[in-house]
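Asker: Got a structure for you, written out below as structure tokens; questions coming shortly.
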Amino acid sequence: MVDLSTRIGSLTLANPVMPASGTFGPELAKVFDLDALGALVTKSVTPEFRAGNPLPRLCETEAGVLNSIGIPGKGLDHFIEHAMPEWRRFRAPLVVSYSAPTVASFAEGAARLAATPGVAAIEANISCPNLEEDGRAFAMHPEPAAAATAAMRRVVGRAPLWVKLSPNTGDIAAVARAVEDAGADALVVANTILGLAIDIETARPKLGSGMGGFSGPAFKPIALRLVWQVAQAVRIPVIGVGGIATAEDAVEFLMAGATAVQVGTATFVSPTAMLGVVDGLRGFCARKGLARVADLTGAALPTGLPRAAE
Amino acid sequence: MVDLSTRIGSLTLANPVMPASGTFGPELAKVFDLDALGALVTKSVTPEFRAGNPLPRLCETEAGVLNSIGIPGKGLDHFIEHAMPEWRRFRAPLVVSYSAPTVASFAEGAARLAATPGVAAIEANISCPNLEEDGRAFAMHPEPAAAATAAMRRVVGRAPLWVKLSPNTGDIAAVARAVEDAGADALVVANTILGLAIDIETARPKLGSGMGGFSGPAFKPIALRLVWQVAQAVRIPVIGVGGIATAEDAVEFLMAGATAVQVGTATFVSPTAMLGVVDGLRGFCARKGLARVADLTGAALPTGLPRAAE
Amino acid sequence: MHLRPNIRAMDLGPAAMVAERSLKVIESAPVGRRYHRLLLEAPDLSARSRPGQFFHLLCRDGAGNGPYLRRPMSIWRCGAGEPLGFLFHVKGKGTAALARLRAGEALSVVGPLGQGFALDPAWRRILILARGVGLATLAPLTGAAAAMGIAADAVLSARDPADLMAEEFAGVSGASVTAVFDADGSSEVARVEALLRARFAAARPDAVFTCGSNRLFLLLQRLSAEFGIPGQVALEQQMGCGLGMCFCCVRQIRDASGAVVNLRVCAEGPVFDLQAALAW
Amino acid sequence: MHLRPNIRAMDLGPAAMVAERSLKVIESAPVGRRYHRLLLEAPDLSARSRPGQFFHLLCRDGAGNGPYLRRPMSIWRCGAGEPLGFLFHVKGKGTAALARLRAGEALSVVGPLGQGFALDPAWRRILILARGVGLATLAPLTGAAAAMGIAADAVLSARDPADLMAEEFAGVSGASVTAVFDADGSSEVARVEALLRARFAAARPDAVFTCGSNRLFLLLQRLSAEFGIPGQVALEQQMGCGLGMCFCCVRQIRDASGAVVNLRVCAEGPVFDLQAALAW
Ligand SMILES: Cc1cc2nc3c(=O)[nH]c(=O)nc-3n(C[C@H](O)[C@H](O)[C@H](O)COP(=O)(O)OP(=O)(O)OC[C@H]3O[C@@H](n4cnc5c(N)ncnc54)[C@H](O)[C@@H]3O)c2cc1C
Ligand SMILES: Cc1cc2nc3c(=O)[nH]c(=O)nc-3n(C[C@H](O)[C@H](O)[C@H](O)COP(=O)(O)OP(=O)(O)OC[C@H]3O[C@@H](n4cnc5c(N)ncnc54)[C@H](O)[C@@H]3O)c2cc1C
Ligand SMILES: Cc1cc2nc3c(=O)[nH]c(=O)nc-3n(C[C@H](O)[C@H](O)[C@H](O)COP(=O)(O)O)c2cc1C
Ligand SMILES: Cc1cc2nc3c(=O)[nH]c(=O)nc-3n(C[C@H](O)[C@H](O)[C@H](O)COP(=O)(O)O)c2cc1C
Ligand code: FES
Ligand code: FES
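Chains as they are written, first to last, in numbering that gives the first Met the number 0: chain A, 0 to 309; chain B, 0 to 309; chain C, 0 to 279; chain D, 0 to 279.
Put into structure tokens, the structure is as follows:
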């Protein structure tokens, strides 16, 4: 029997497979039993109501998609009051993704979520525009990323705090170290990378808002590289995300230093993709004679360099 | 009849299609008449002999490849003495890609190339490690990129100087503006983006040197976005490159603000891909009733913003 | 279902579990010049599919070529003992790949998805106004109505007789079909309006249904409001997940309080209350 | 060709122009347990292909599935009036896709590529030492030698008789074949060495050729140096462009001055002078 469990700081997951924020919802329970997953991750919640971006919000590319959904939602109050009861029906640990436009509102929301029963961890989505820095994303530079993280850490006590990094930075290792130092328990690597597609018949961008976030299998080599870089830069666990569709993909991320993985866009093409990843990880470990999936973490990192600790 | 010609600064090309550096050589003349191309671009030449990187140097991904060839070559002297005579057999303008480890050696090589008969333009590949800055690529930050450009401009006189930017930066528009201000005649956008693939059977990176540059169709949405950002930041022409395999891909890049395009990895899969792009551009313009392919440049840019000038 | 306040809703079926399944193609055939139909072997899925619902199809042809994302397709034929059927316009690369599938090959489907049409057993007569691919979406409603003893009166709009697909629409349901065409001008909105007013006067329907044309949707919305007849419309939108998770497929809908909200075509739709939906 | 200083080189053909072409599959059949052969209709390309050269194949099966890059494959059969043939080990996703091709389907090829074997018309006898897929590469040499009146003496090494493919190797060329097997220990290097020494003593070959095994390559390199017999080896390496442009397919080769340089298997090779090539 292969032990699929994995530890992210103080949290133990039954297996290292979970959905990526924004590509998942309780609707997927119509397809399979969501408690088969290591954790559940909500789409990003924002402090206030947001209508979302103009249409079209999604377009496909070679082996991937571009999106600019715009985090539509009814805001944090509504989430805690109406969505949380629904999420509490599941046994798998719930990770709430939270996104805010200022350091103060990151802290405010994180504090409320940390106090909300049923929230196993907070995943701070800092790839959103920082209204105090000219709209540049927090995740672009070490200082604002660390400021948001530190502000949240101060108010959430020992509640698990994950921070999701962005590929749209020149030096992700520096951002990762800053966020680790500011008190994050784990890093989620990575959010979508900025991309563009143009409809050549109309000479307009295919997305209503112009550029969008690029994800899916085409993005995998970049996301894997980011995990590899971050895992060598920090000692806290890294959760790998970007283009994972199969167990083989997940093994690559674990070997690059990830402690768990998230599956996003692949679920659109195959709603049961995550189940396949869980089964396939078990099969891979069995074939390789590995007792614990956790032994895969960092297996490909250059010898001598610190592996991402559990 | 569609006018396919395009102007890059003082240079007029018969059509806007050329190969990307490192994915092309005179060997392709065995497949088709290279004078059908708008220009020829050599693989990067370095000041001295380089053996190149450990094997494997290339591996494939979903709709793309990773490479770490390591710019093997016999150095600038050998290039000017032995390769240039071979290149002079072709009528299409020759663009020599040049890469160097220091600002001084960029200037030195550029001066020699500018003085070499048959060199129509210099394409400075500044994505290589800068030995004076801890091995970080010149193209990562505005200052070193501008320093290398300015040093070259000082010595090449009015010779066409193109600078090839890297996606591995947090703010390509800033780098582009700095390089424009430092005297570049055109920007080539973009070089490969850092990626990684792991062989899960051996738990080692698939490339001998670990990480590598990611290119091919999977990279296209990112490269297109970079062109879009750069075209809005500068007034000099932008040459788009990244994942182009068909005329439709090329039209996207032109509409995003490019004045010409380069085709790289696609040539590996279809050696005649560039011919298809030339033919297809002619067909697209004819179907759309456009007299000049140059009219496509910037057609999708937000109204009111400056298009990349010719 | 507060969006259909004026219907004593009896949904055509329970919110079925959604399957991801590889199904065998039984028949694949062109229909007219621009359409294609696919019949799949899917005993249980067909039995629990309801008119107005849709499936999300992986559009890879026998050569494995096709777009990355799935494509939504209305259920054109379903029911216990029936094959699962789709009727579609061959439009871009996804539908082209679907049309290249051959009998015996496999097609990966996800579904049934979305909210279907609601039929009230108390109704005696419904009117259906369809154009283009809206025909495929509304076709199974004729059979469902017939099974409940509700008479269906259909007005089909098409470019010309070759594009009509009346057979594909009504099948053996016994629905009465009136055709209007662009070719002879009978499909002009003003003339369809006159036609509908005459119908409403002669035999007032208990409910109206439409799909496939923005102009006809607006016409029917206006007339049904005037006559106080409840209605339903099936909307389209580009989709990502098809399951309600990505929020890319929204349309503007008026909620119970009259406020305009973004609702997901894949989750709250594709069928919406005719008065609540906004034109597109 | 300074790499073969000891051969009065008469190359088997001029540096042919390279074609990118879609060819029709005439035959696609498994060979033994792990191999597969493909015959393609390619009158002109087959006629100007030379033993030792290769093609770069787009490995997409009838279902369009397959890796992004092409795969290099030695010419196994070629010649005027002959189909173009490949014989390959079904190894990974590329060769698996190739093996799924059916007669009548199309295969995109780029070639002929690289430098083939050189045969000197003055030679009377050559010795060929092959193992595994090296068989496919060396097979056409037997026919070329026969056509020049050169006797070919082959030692084939295989796991066991089922893997030998002697028929696929020698065809109607009349080459004499000796087989050695892992199964009975006859393929051990020491025993093959004894076998070769006996051959060299009995009927000294004018040149030796090998492909497919590093151990056998080293053995033959040592023996041919000792006996002063010229030799050629066909090397393999993963490829990107197949045309000499990307420099990913290099192998270490000793140049005329004795210095070790990286040469491209696709451009300067795949056939190299036996003494110049370094083991891998
Ligand atoms: C719930 C639902 C049910 C549908 N039922 C049917 C049906 O029964 N029969 C039928 O023929 N079609 C139906 N459609 C539309 C069908 O999904 C699109 O025609 C199909 O996705 C086009 O895919 P493609 O790859 O062939 O074209 P693409 O190459 O993707 O696009 C071709 C053109 O169609 C547009 N388009 C793409 N997807 C959609 C979409 N979902 N809605 C509107 N426009 C789109 C694109 O913008 C483009 O202009 C339905 C759509 C929805 C949302
Ligand atoms: C000039 C040349 C001629 C060749 N001729 C033949 C031939 O006639 N018959 C034949 O069976 N094979 C031949 N090969 C080898 C053949 O190209 C590989 O077996 C094939 O590319 C494997 O592709 P795949 O997708 O099936 O395997 P992959 O999934 O790509 O790889 C499977 C395994 O094979 C290794 N591999 C992949 N490509 C190569 C390569 N080019 N060289 C060595 N190892 C590789 C991989 O590292 C991996 O371990 C030749 C190679 C070269 C360079
Ligand atoms: C439609 C869509 C919506 C997304 N929404 C969010 C979001 O709300 N918050 C977030 O942190 N990431 C969001 N993401 C990013 C994903 O969580 C994930 O980081 C990214 O898609 C890469 O993974 P993938 O390639 O497996 O999809 C979204 C991605 C997609 C495709
Ligand atoms: C094998 C390989 C070698 C390359 N070598 C160089 C090089 O020497 N100099 C350079 O500026 N870019 C080099 N590039 C980058 C390409 O010129 C191009 O910028 C990149 O591949 C993106 O384009 P593509 O997707 O069309 O390949 C190389 C790319 C590949 C795949
Ligand atoms: S398609 Fe994803 S929410 Fe509707
Ligand atoms: S494969 Fe590109 S140089 Fe040989």
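Glycine residues also receive a C-beta, built at the ideal position from the N, C-alpha and C atoms.
With distances taken from CA atoms, which of B:L33, B:M0, B:A149 and B:G24 is nearest B:S43?
Answerer: As a working mapping, residue 43 of chain B is identified with position 44 in the second sequence. Looking at the Cα atoms, B:G24 is the closest of the given residues.
Asker: Secondary structure at C:W75, three-state DSSP: helix, strand or coil?
Answerer: On the third sequence, residue 75 of chain C is found 76 positions in, with the first residue counted as 1. Reduced to three states, the DSSP call for C:W75 is coil.
Asker: Enumerated in chain order, which unbroken segments of the beta strand (DSSP E) with a length of 3 residues or greater are wholly contained in the region 3–42 of chain B?
Answerer: Scanning the region 3–42 of chain B from its first residue to its last, the whole beta strand (DSSP E) runs of 3-plus residues come out as 5–7, 10–12 and 16–18.
Asker: Which residues bound the beta strand (DSSP E) around A:Q261?
Answerer: Position 262 of the first sequence, counted from the first residue, corresponds to residue 261 of chain A. Element bounds for A:Q261: A259 to V262.
Asker: Relative to chain A, which residues along the region 200–215 of chain B have a C-beta separation below 8 Å, given in chain order?
Answerer: A202, R203, P204, G209, M210 and F213
Asker: Which residue wins for smallest C-alpha separation from D:E225, given the options D:R214, D:A200 and D:Q236?
Answerer: One-based indexing of the fourth sequence puts residue 225 of chain D at position 226. With distances taken between Cα atoms, D:E225 lies closest to D:A200.
Asker: Using C-beta distances below 7 Å, list every residue in its chain close to A:P143, excluding the 5 sequence neighbours before and after it, in chain order.
Answerer: As a working mapping, residue 143 of chain A is identified with position 144 in the first sequence. Take A:P143, set aside five residues on each side of it, and the residues of its chain with a beta-carbon closer than 7 Å to its own are N129, E132 and F137, in chain order.
Asker: Taking 7 Å as the limit, tell me which residues put their C-beta closer than that to any heavy atom of ligand 6, in chain order.
Answerer: Each of D:M238, D:G239, D:C240, D:G241, D:L242, D:G243, D:M244, D:C245, D:F246, D:C247, D:C248, D:R263, D:V264, D:C265 and D:A266 has a C-beta closer than 7 Å to some heavy atom of ligand 6; these make up the full list, in chain order.
Asker: Answer with yes or no whether the minimum CB distance from B:K29 to chain D is below 8 Å.
Answerer: Start at 1 with the first residue of the second sequence, and residue 29 of chain B comes out as number 30. Answer yes: the Cβ-Cβ gap between B:K29 and chain D drops below 8 Å somewhere.
Asker: Counting only beta-carbon atoms, is D:M0 nearer than 8 Å to chain B?
Answerer: Along the fourth sequence, read from residue 1 onward, the residue named residue 0 of chain D stands at position 1. Reliability fails at D:M0, whose pLDDT of 30 lies under 50, so the model's placement of it is uncertain and the value that follows must be treated cautiously. By the rule that beta-carbons nearer than 8 Å mark a contact, D:M0 does not touch chain B.
Asker: Please name the residue or residues paired with B:C58 in a DSSP beta bridge.
Answerer: Residue numbering aside, residue 58 of chain B sits at position 59 when the second sequence is read from its first letter. DSSP, once it has assigned bridges, lists B:L65 as partnering B:C58.
Asker: Among residues of its own chain, excluding the 5 on either side of A:D248, which ones have a beta-carbon nearer than 7 Å to its beta-carbon?
Answerer: Counting from 1 along the first sequence, the entry for residue 248 of chain A is found at position 249. Around A:D248: K219 and G242.
Asker: Whose C-alpha, out of D:R99, D:H35, D:L262 and D:L194, is nearest the C-alpha of D:V176?
Answerer: Here residue 176 of chain D corresponds to residue number 177 of the fourth sequence, with the count starting at 1. The option with the nearest alpha carbon to D:V176 is D:L194.
Asker: Along chain B, in chain order, which residues have C-beta atoms closer than 9 Å to that of A:V187?
Answerer: Stepping through the first sequence from its first residue, residue 187 of chain A is reached at position 188. Ordered by position in chain B, no residue passes the 9 Å Cβ test against A:V187, which lies about 18 Å from the chain.
Asker: Under a three-way DSSP split, which group does D:A275 fall into?
Answerer: Translated into positions along the fourth sequence, residue 275 of chain D becomes position 276. Per DSSP, reduced to three states, the secondary structure at D:A275 is coil, with no helix or strand assignment.
Asker: What are the residues in the region 145–161 of chain A lying within 8 Å of chain B by C-beta distance?
Answerer: Listed in sequence order: no entries.
Asker: Using a Cβ-Cβ distance cut-off of 8 Å, determine whether A:V268 contacts chain C.
Answerer: By one-based count along the first sequence, residue 268 of chain A stands at place 269. So yes, A:V268 belongs to the interface.
Asker: Buried or exposed: A:S9, going by 16 or more other Cβ atoms within 10 Å of its Cβ?
Answerer: Walking along the first sequence from the start, residue 9 of chain A turns up at place 10. Burial call: exposed.
Asker: With 8 Å set as the bound, which would you pick, yes or no: does the beta-carbon of A:L164 sit closer than that to a beta-carbon of chain C?
Answerer: Taking the first residue of the first sequence as 1, we reach residue 164 of chain A at position 165. It does not: the Cβ of A:L164 has no partner Cβ on chain C nearer than 8 Å.
Asker: Do A:M151 and A:A120 come within 8 Å of each other at the CB atom, strictly closer than that value?
Answerer: Position 121 of the first sequence, counting from 1, holds the residue named residue 120 of chain A. Position 152 of the first sequence, counting from 1, holds the residue named residue 151 of chain A. No, these two residues do not count as a Cβ contact at 8 Å.
Asker: Scan the region 4–28 of chain A for residues whose Cβ lies nearer than 8 Å to a Cβ of chain C and list them as they occur along the chain.
Answerer: G21, T22, F23, G24, E26 and L27
Asker: Any beta carbon from chain A within less than 8 Å of B:R224's own beta carbon?
Answerer: Looking up residue 224 of chain B in the second sequence gives position 225. Yes, B:R224 lies at the interface with chain A (some Cβ there is under 8 Å from its Cβ).
Asker: In whole angstroms, give me the CA-to-CA distance for C:F54 and C:I74.
Answerer: Your numbering for residue 54 of chain C matches position 55 in the third sequence. Your numbering for residue 74 of chain C matches position 75 in the third sequence. C:F54 and C:I74: Cα-Cα distance of roughly 7 Å.
Asker: For A:T271, which residues in chain C fall below 7 Å Cβ to Cβ?
Answerer: For this step, residue 271 of chain A is matched to residue 272 along the first sequence. Within 7 Å Cβ-Cβ: E19.
Asker: Determine, for D:F246, whether the minimum Cβ-Cβ distance to residues of chain B falls below 8 Å.
Answerer: Within the fourth sequence, residue 246 of chain D is the residue found at index 247, counting from 1. D:F246 counts as touching chain B.
Asker: Output yes if chain D places a C-beta closer than 8 Å to the C-beta of B:I68; else output no.
Answerer: Within the second sequence, the letter at position 69 stands for residue 68 of chain B. Cβ-Cβ to chain D under 8 Å: yes for B:I68.
Asker: As a quick exercise: from B:T264, B:A246 and B:G209, pick the residue whose alpha carbon is nearest that of B:R286.
Answerer: Position 287 of the second sequence, counted from the start, is the residue given in the question as residue 286 of chain B. B:R286 has its Cα closest to that of B:A246, out of B:T264, B:A246 and B:G209.
Asker: Return the bridge partner residues of A:E122 from the DSSP annotation.
Answerer: What you label residue 122 of chain A is simply residue 123 of the first sequence in a count that begins at 1. In DSSP, A:E122 forms a bridge with A:S96 and A:W161.
Asker: Assuming B:G108 contacts B:T148 (C-beta within less than 8 Å), just tell me the rounded distance between them.
Answerer: For this step, residue 108 of chain B is matched to residue 109 along the second sequence. For this step, residue 148 of chain B is matched to residue 149 along the second sequence. So it is not a contact: roughly 13 Å between Cβ atoms.
Asker: Thinking C-beta only, is A:M210 closer than 8 Å to A:L36?
Answerer: As a position in the first sequence, residue 36 of chain A is number 37, starting the count at 1. As a position in the first sequence, residue 210 of chain A is number 211, starting the count at 1. In this structure, A:M210 does not lie closer than 8 Å to A:L36 by Cβ.
Asker: Please decide whether D:P13 counts as near chain B, where near means a Cβ-Cβ distance under 8 Å.
Answerer: Along the fourth sequence, one-based indexing puts residue 13 of chain D at 14. Reliability fails at D:P13, whose pLDDT of 40 lies under 50, so the model's placement of it is uncertain and the value that follows must be treated cautiously. D:P13 does not count as touching chain B.
Asker: Excluding five sequence neighbours on each side, which residues of the same chain lie with their C-beta closer than 8 Å to the C-beta of D:E192?
Answerer: Here residue 192 of chain D is taken as the residue at index 193 of the fourth sequence, counted from 1. Answer for D:E192: L218 and L222, listed in chain order.
Asker: How should B:H81 be labelled, buried or exposed, when 16 other C-beta atoms within 10 angstroms of its C-beta is the threshold for buried?
Answerer: Position 82 of the second sequence, counting from 1, holds the residue named residue 81 of chain B. Under this definition B:H81 is an exposed residue.
Asker: In chain order, what are the residues with a CB under 5 Å from some non-hydrogen atom of ligand 7?
Answerer: Ligands in the displayed structure: ligand 1, ligand 2, ligand 3, ligand 4, ligand 5 and ligand 6; ligand 7 is not one of them.
Asker: Please list the partners that D:Q237 has in chain B, where partner means a Cβ-to-Cβ separation under 9 Å.
Answerer: Your numbering for residue 237 of chain D matches position 238 in the fourth sequence. Simply L54, P55, R56, L57 and C58.
Asker: Closer than 8 Å, CB to CB, is B:V240 near chain D or not?
Answerer: Within the second sequence, numbered from 1, the residue matching residue 240 of chain B stands at position 241. Answer no: the Cβ-Cβ gap between B:V240 and chain D never drops below 8 Å.
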